[in-house]
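*Asks:* Once you've had a glance at the structure underneath, I'll fire off some questions.
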Amino acid sequence: MAQQKQHQHKKQNSHKGHKRQNLHKRQLLHMAHNLHKRHNQHNRQNLQKMQNKLQRDILDKVQVVCRVLWELLLLQIIPLAVWAMVKMVNGNIMALQCIHIVKMARKQ
22 MAQQKQHQHK KQNSHKGHKR QNLHKRQLLH MAHNLHKRHN QHNRQNLQKM
72 QNKLQRDILD KVQVVCRVLW ELLLLQIIPL AVWAMVKMVN GNIMALQCIH
122 IVKMARKQ
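Add 21 to the 1-based position in the sequence shown for this note's numbering, that's all there is to it.
Right, here's the structure in full:
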């Protein structure tokens, strides 16, 4: 009888160990999940920052291009304005190019 009780006692203890192990696994999973969430949030924030900067850069370029086109139109240099627009549509017109165009236009 005493032996049987001892056997039961052992079983309970092994069960406790198992429970603790499960708790540990759960904690680890929980921690991993939180880390993952925070990491994703961080990445999303960085991505947003980069996108914002890119948008600002594009806006700056567009403003410069528009200003230049306006100056070219005011100077009534239509072919040059058209050329600049075509360049702009192809996405390879830079602020320096614009300034260069205006300088050339003013010389004419």
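Cβ coordinates follow ideal geometry from the N, Cα and C atoms, glycine included. What you are looking at is a predicted structure, and each value in this text was computed from that prediction instead of being measured.
Might you give, ordered along the chain, the residues of its own chain that have their beta carbon closer than 8 Å to the beta carbon of R127, omitting 5 neighbours on each side?
*Replies:* Taken in chain order, the residues that qualify are L96.
*Asks:* Just how far apart, CA to CA, sit I79 and P100?
*Replies:* C-alpha separation (whole angstroms): 25 Å.
*Asks:* Exposed or buried, V103, counting other C-beta atoms within 10 Å across all chains shown (16 or more means buried)?
*Replies:* Exposed.
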